[in-house]
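Using my numbering, read the sequence shown as starting at 45 and increasing by one per residue. Beneath this line is the structure, given in structure tokens, with notes to follow.
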Amino acid sequence: MANKYVAKRRDTLFREAAIKHMETTWSGRAILMRPLSFTVYTIGAVALLALIAAFAYWGQYTKRERAVGFVRPESGVSTIRPMVAGRIGEIFVVEGDRVEAGDPLFSIKSELEDAKGSVPAQLYMEITRQIALLQEAAAKEKEGLMKQKEQVAAKLSELVEVEKSIRSKKDLLERKFELLKQEKESTEVLMKSRVISEVDYNARLRNFLDVQIALQSASEDLLRIQSEMSQTRLGLRKIDLDLEKQAADLSLSISRLNQQLIENPSDGYIARSPIAGTVSTILVTPSNTVASNTNVMSILPTDSRWIAELYVSTKAIGNITKSSAVYLKYDAFPYMKFGVYRGEVKDISGTILTRESLPPEIPATEPMYRVLVNLEKQQIQLGDKYYSLQSGMTVTAELEAESRRLVDWFLGPLYEMRRTMRGAPQ
45 MANKYVAKRR
55 DTLFREAAIK
65 HMETTWSGRA
75 ILMRPLSFTV
85 YTIGAVALLA
95 LIAAFAYWGQ
105 YTKRERAVGF
115 VRPESGVSTI
125 RPMVAGRIGE
135 IFVVEGDRVE
145 AGDPLFSIKS
155 ELEDAKGSVP
165 AQLYMEITRQ
175 IALLQEAAAK
185 EKEGLMKQKE
195 QVAAKLSELV
205 EVEKSIRSKK
215 DLLERKFELL
225 KQEKESTEVL
235 MKSRVISEVD
245 YNARLRNFLD
255 VQIALQSASE
265 DLLRIQSEMS
275 QTRLGLRKID
285 LDLEKQAADL
295 SLSISRLNQQ
305 LIENPSDGYI
315 ARSPIAGTVS
325 TILVTPSNTV
335 ASNTNVMSIL
345 PTDSRWIAEL
355 YVSTKAIGNI
365 TKSSAVYLKY
375 DAFPYMKFGV
385 YRGEVKDISG
395 TILTRESLPP
405 EIPATEPMYR
415 VLVNLEKQQI
425 QLGDKYYSLQ
435 SGMTVTAELE
445 AESRRLVDWF
455 LGPLYEMRRT
465 MRGAPQ
């Protein structure tokens with residue numbers, strides 16, 4: 045009945061064509077777009093600000109200082125020079141050869157001989173002068189070592205006396221500690237029996253604890269003095285070994301010089317290697333004429349590690365410490381292809397080097413400090429290929445200096461202003 049009424053109402057209120065038109069949706073269904081709520085935007089903004097704040101607080105920035113220098117062996121390079129002018133005869137080694145101390149390197153025929161045709165006078169005088177210099181230097185070194193030994197021995201004597209005093213004090217404290225320990229046990233019984241008051245017991249307990257602390261302190265002092273005595277005795281032993289080594293080295297050096305006096309006197313002499321190592325460079329060929337004290341060849345000591353010798357400006361040295369990380373770029377190996385190599389600061393010179401005392405290959409307009417760097421890798425690597433380092437190879441380096449949080453870098457000017465205002469006179 046109700047349906048008939050509704051149908052009748054529809055028939056009476058709307059035309060049939062209008063009803064069919066409304067039932068057909070030509071433009072599709074309407075969908076309402078609701079934007080994100082303001083709460084979501086607020087949460088996102090707060091989270092972003094919190095992330096930025098956390099990054100600024102915990103994030104760090106490390107300042108780097110630039111330096112230039114070169115590569116050299118840690119123990120230096122032995123340069124071979126003829127003692128007299130002459131003509132190079134035979135060269136017994138080639139670059140890359142390993143030699144032992146005393147091995148022949150090259151022969152030289154002197155152009156100056158005495159009237160008898162024996163040992164050239166100039167060579168004889170030079171060798172004699174070198175022997176005298178060696179003896180003089182050895183005497184000075186021995187004198188310095190003996191003075192050092194006297195100082196170390198005097199210190200050891202003082203430590204022995206201090207050790208006796210501390211040991212005696214410790215023995216007395218141990219005896220007193222045992223007596224007070226027994227007294228403490230007795231007073232505990234008396235206090236439990238209420239024969240003495242708790243105040244008296246606490247006073248005796250404090251005395252017992254004071255002696256216990258003093259005994260522990262004396263024991264620590266005794267261990268410290270004994271450790272220092274052991275180090276001092278090792279120092280004395282090292283000085284004795286240095287004296288023995290110095291005497292042996294002097295004897296060996298003089299023996300080699302004397303050997304040159306008697307070896308092939310009429311034809312000149314044979315230059316021998318003063319150390320064990322590897323021949324790195326040869327600057328002459330047979331028949332070349334050379335002057336005295338001219339660099340002929342160089343020898344790298346055996347098992348010598350490569351280090352970098354850098355020069356840092358006085359403005360930057362304050363932020364650099366031992367063990368600071370160093371990043372090196374070898375000028376002979378472009379870092380875009382061969383990469384950057386890591387090192388670590390080994391030593392920093394205690395004195396400033398003026399422009400006049402700097403090596404000629406170091407461009408400098410101001411005084412600088414010398415910084416020695418241990419290299420993490422002793423060779424240059426590119427894929428499966430390895431390239432050897434060479435003495436004198438120039439490098440550009442960046443040394444890690446001050447590390448600070450980002451927020452400290454941002455607020456640094458404010459901190460500086462605050463310190464300035466506090467330090468300003470009122």
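The C-beta atom is built at its ideal place from N, Cα and C for all residues, glycine as well.
Helix, strand or coil, according to DSSP, for residue i in the structure here?
{"i": "I175", "result": "helix"}
{"i": "E405", "result": "coil"}
{"i": "N339", "result": "coil"}
{"i": "F382", "result": "helix"}
{"i": "N308", "result": "In this prediction, N308 scores a pLDDT of 45, lower than 50, which makes its location untrustworthy; no coordinate-derived value is stated."}
{"i": "V439", "result": "strand"}
{"i": "I433", "result": "Here residue 433 turns out to be Leu, not Ile, going by the sequence shown. Of the three classes helix, strand and coil, the one that applies to L433 here is coil, per DSSP."}
{"i": "M412", "result": "strand"}
{"i": "K421", "result": "coil"}
{"i": "V389", "result": "strand"}
{"i": "V323", "result": "strand"}
{"i": "E202", "result": "helix"}
{"i": "E185", "result": "helix"}
{"i": "D158", "result": "Since pLDDT at D158 reaches only 47, below the 50 mark, its modelled position is unreliable, and no value is offered."}
{"i": "F252", "result": "helix"}
{"i": "I97", "result": "Before going further, note that residue 97 is Ala rather than Ile in the sequence given. Helix, per DSSP."}
{"i": "I124", "result": "strand"}
{"i": "V84", "result": "helix"}
{"i": "I132", "result": "strand"}
{"i": "R108", "result": "strand"}
{"i": "Y49", "result": "Any reading at Y49 must be qualified, since the residue scores a pLDDT of 47, below 50, and its modelled position is unreliable; the value itself is stated next. It is helical."}
{"i": "V473", "result": "Because the chain is modelled from 45 through 470, residue 473 falls outside the range shown and cannot be assessed."}
{"i": "K153", "result": "strand"}
{"i": "F114", "result": "strand"}
{"i": "V233", "result": "helix"}
{"i": "I357", "result": "The sequence given here has Ser at residue 357, not Ile. It is a strand residue."}
{"i": "T333", "result": "strand"}
{"i": "A91", "result": "helix"}
{"i": "K373", "result": "strand"}
{"i": "V143", "result": "strand"}
{"i": "I298", "result": "helix"}
{"i": "S59", "result": "Here residue 59 turns out to be Arg, not Ser, going by the sequence shown. Correct three-state label for R59: coil."}
{"i": "I240", "result": "coil"}
{"i": "I283", "result": "helix"}
{"i": "R349", "result": "coil"}
{"i": "I364", "result": "coil"}
{"i": "K64", "result": "helix"}
Residue i and residue j: beta carbons closer than 8 Å?
{"i": "F150", "j": "I171", "result": "no"}
{"i": "R125", "j": "N337", "result": "yes"}
{"i": "L433", "j": "V115", "result": "yes"}
{"i": "E218", "j": "L259", "result": "yes"}
{"i": "R142", "j": "T325", "result": "no"}
{"i": "Y471", "j": "E420", "result": "Residue coverage of the chain in this structure runs from 45 to 470, which leaves residue 471 outside it and unanswerable."}
{"i": "G387", "j": "N339", "result": "no"}
{"i": "I298", "j": "I175", "result": "yes"}
{"i": "K193", "j": "L280", "result": "yes"}
{"i": "L177", "j": "L294", "result": "no"}
{"i": "V389", "j": "L426", "result": "no"}
For residue i, I'd like the list of residues in its chain whose CB is within less than 8 Å of its CB, leaving aside the five on either flank, ordered along the chain.
{"i": "A445", "result": "T106, K107, R108, E109, A360, N363, I364, S368"}
{"i": "L189", "result": "I283, D286, L287, Q290"}
{"i": "G391", "result": "It should be pointed out that residue 391 corresponds to Asp in this sequence rather than to Gly. For D391, where only same-chain residues beyond five positions count, the Cβ hits under 8 Å are K366, V415, L416."}
{"i": "Y430", "result": "Q423, I424"}
{"i": "I240", "result": "T231, L234"}
{"i": "S212", "result": "none"}
Sorted by chain position, which residues of the same chain lie with C-beta nearer than 7 Å to residue i's C-beta, five sequence neighbours on each side aside?
{"i": "A376", "result": "M437"}
{"i": "E242", "result": "M235"}
{"i": "R414", "result": "E353, Y355, S393, L397"}
{"i": "A145", "result": "S317, P318, I319, A320"}
Using C-beta distances below 6 Å, list every residue in its chain close to residue i, excluding the 5 sequence neighbours before and after it, in chain order.
{"i": "G383", "result": "none"}
{"i": "A441", "result": "A111, L354, V370, L372"}
{"i": "M273", "result": "L203"}
{"i": "D265", "result": "I210"}
Assuming residue i contacts residue j under a Cβ cut-off of 8 Å, what Cβ separation, rounded to an integer in Å, is found between them?
{"i": "A335", "j": "A129", "result": "5 Å"}
{"i": "P117", "j": "W350", "result": "6 Å"}
{"i": "V439", "j": "G113", "result": "6 Å"}
{"i": "I269", "j": "E207", "result": "5 Å"}
{"i": "E227", "j": "R248", "result": "6 Å"}
{"i": "T123", "j": "V196", "result": "T123 to V196, Cβ: 35 Å. No contact."}
{"i": "F252", "j": "K225", "result": "7 Å"}
{"i": "S119", "j": "S348", "result": "5 Å"}
{"i": "S342", "j": "V121", "result": "5 Å"}
(request) Pair every Cβ in the region 324 to 341 with every Cβ in the region 388 to 404, then say whether three or more of these pairs are closer than 8 Å. (result) no
(request) Assess, as a yes-or-no matter, whether the region 286 to 295 is touched by the region 194 to 211 under the definition of 3 or more beta carbon pairs within less than 8 Å. (result) Segments in contact, no.
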